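Inspection log for the structure reproduced underneath, given as structure tokens.
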Amino acid sequence: MMKDLFSLLKRGNRSALAAATVNAVISIIKGIAFFFTGNVAMFAETMHSLGDTANQFFVFIGSALSKKAPTKRFPNGFGRLVNLVLLGAVLIVGIMAYETIVEGYHHILHPAESTGFLISVGVLAISVILESFVLFKAMKETLHDVGVEAKGLGIIHQSIRHVGKAKPATKLVFLEDSVATGGGLLALMAVIISHYTPYHHAEGLASIIIGILMFFVVGKTFLDNAAGVLGEADEFMQNKIGALVLEDPEVKDLPEITVLKEGDEFHVELMVEVDPSISVAQADDIKDRLEEKILKEKGVADVIVEFDEDDHVNSWDNRLKN
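Using the numbering used here, read the sequence shown as starting at 189 and increasing by one per residue.
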């Protein structure tokens with residue numbers, strides 16, 4: 189049993205595990221700094237990092253368990269488990285976001301100058317560097333998920349462009365660490381402003397903005413994974429696979445195609461129109477060719493191919509126009 193569990197964990201999302209590990213270290217450092225300085229912006233960043241740690245750890249576990257093979261009780265597999273885990277994980281971030289906003293609001297009402305300026309600046313600067321490192325790894329993981337190659341600064345541009353097509357776990361890590369890096373910079377600016385000017389409200393304001401950003405992550409993650417739990421059709425993959433199918437010279441048309449995304453996997457069902465005069469053996473050859481070609485696409489778990497006779501009406505072109 190334990191051997192099977194460890195085997196599954198090895199298949200978990202690595203960017204989520206790396207992010208959880210780094211954020212755990214960061215949250216401890218920030219927590220210690222908050223204890224000694226009482227800095228409200230540091231409190232917000234501590235809560236942010238703790239939320240990210242818990243969230244990303246659950247993401248890693250969920251992405252690993254979703255790879256479990258189908259059983260008699262669950263013949264469709266566990267692909268949607270990662271979506272369910274992420275729905276639960278966002279509750280943690282939501283609670284911490286609320287606490288962050290409340291603490292910032294109290295600081296605005298009763299502003300006070302924080303101590304330990306150098307400690308706060310040093311810890312936040314190190315945190316931003318570490319968060320940036322994790323974010324860059326998430327960017328590269330995003331490109332790996334979608335099969336896009338890029339180098340140098342192109343990694344940043346291409347990952348932002350394609351993040352919507354990445355696996356749910358990778359997308360969440362990308363989103364959280366983007367917010368974490370931006371939040372760290374915001375907190376750093378607030379600490380500097382509060383130290384060098386009389387405007388001590390800056391730390392409270394930064395805390396509220398960081399909390400709002402955390403709620404943005406909660407909302408985005410909830411909507412994406414609620415759709416995943418229900419079973420979401422992936423239009424990009426539908427069009428991609430549809431184009432592959434129509435490359436076969438014996439396929440006349442493609443009136444129906446469904447690509448259902450469950451966790452990190454795609455389940456493909458399609459109906460193709462062929463010449464009604466072909467033999468069963470020829471139809472079986474077409475089916476084998478199509479299945480082999482489609483299963484080579486990244487993330488495709490299974491394919492169901494059905495046949496119908498050619499009605500000489502181009503359904504695929506009309507579907508794309510609509």
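C-beta: ideal position from N, C-alpha, C; glycine also.
The model shown is predicted, which means the values in this text are computed figures rather than measured ones.
Contact between the segment 342-354 and the segment 257-265 is absent: fewer than three C-beta pairs spanning the two stretches fall below 8 Å. About 6 Å separates the beta carbons of T330 and T358, which is inside the 8 Å limit, making them a contact pair. Residue state for K218 is assigned as helix, using DSSP reduced to three classes.
Sequence-distant partners of A489 (beyond 5 residues in either direction) whose C-beta falls short of 7 Å from its own C-beta, in its chain, are E453, F454 and H455. Listed in chain order, the alpha helix (DSSP H) elements of length 4 or more contained wholly in the segment 410-483 are 423-433 and 468-483. L238 and D422 have their C-alpha atoms some 33 Å from each other.
About 6 Å separates the beta carbon of V405 from that of E364, a gap short enough to meet the 8 Å contact definition. Given a length threshold of 4 residues, each whole run of the alpha helix (DSSP H) inside the segment 236-302 is given here in chain order: 269-297.
No Cβ-Cβ contact shorter than 8 Å links I400 with E485. With a cutoff of 8 Å on beta-carbon distance, V361 and V213 are scored as not near each other.
Here E485 carries a coil assignment [DSSP, helix/strand/coil].
Closest by C-alpha distance to I398, out of G282, L323, P443 and A338, is G282. Around the beta carbon of H388, a 10 Å sphere encloses 16 or more other beta carbons of the protein chains shown; the residue is thus reported as buried.
Counting only runs of 4+ residues, the alpha helix (DSSP H) found wholly inside the segment 357-418 occupies 389-418, in chain order. L312: member of the alpha helix (DSSP H) spanning F305 to V334, first to last residue. In the displayed model, E497 falls within a strand according to three-state DSSP. When C-beta atoms of the segment 268-287 are compared with those of the segment 298-310, fewer than three pairs fall below 8 Å, so the two segments do not count as touching.
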